[in-house]
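A short write-up of the structure that comes next.
Set out below in structure tokens:
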């Protein structure tokens, strides 16, 4: 199973390979795109589209969040942050 850290690395590789924005200046756009994808997931669900399509939109949200987190703090270990946050909640 892929960890958050592995997923973050894979998204970074995809960003570089595709020539997408890869600087801190792109953080607002990445967060905005995450919201857009979340809206697309909600729209997909509301319209009764196949569940797989809705899930795919949610994965797009995760891609943008992982990419933004990588640019915000490249040293943050998302697996550790997740476990701490889970214990806190």
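Residue numbers (this note's numbering): -5 to 83.
The C-beta atom is built at its ideal place from N, Cα and C for all residues, glycine as well.
query, result
"Helix, strand or coil at residue 37 [DSSP, three-state]", "helix"
"Length of the line joining the Cα atoms of residue 63 and residue 3", "11 angstroms"
"Simplified DSSP state of residue 70, which is helix, strand or coil", "coil"
"Distance CB(residue 73)-CB(residue -2) smaller than 9 angstroms", "yes"
"Neighbour-count burial assignment, residue 60, 16 or more Cβ in a 10 Å radius", "buried"
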